[in-house]
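Taking it in order: structure first as structure tokens, then the write-up.
Residue numbers (the numbering used here): 1 to 52.
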């Protein structure tokens, strides 16, 4: 339940400070982090790390 509170507080921050441009950046960073975590033990790992 605490995770949802953090997300709600973050969205409230974005709305109150008019920082909506930060939302796509955070989503992309989270997606890239998830991609790295999910491919860590697979044969695709060397190819994912060469992208960065």
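By construction, the Cβ of each residue, glycine as well, lies at the ideal position given by its N, Cα and C atoms.
Using C-beta distances below 8 Å, list every residue in its chain close to residue 19, excluding the 5 sequence neighbours before and after it, in chain order.
So the list reads 13, once near-sequence residues are dropped.
Could you check what DSSP says for residue 50 in three-state terms: helix, strand or coil?
Helix at residue 50.
Please state whether DSSP places residue 42 in a helix, a strand or coil.
Annotated three-state conformation of residue 42 is coil, per DSSP.
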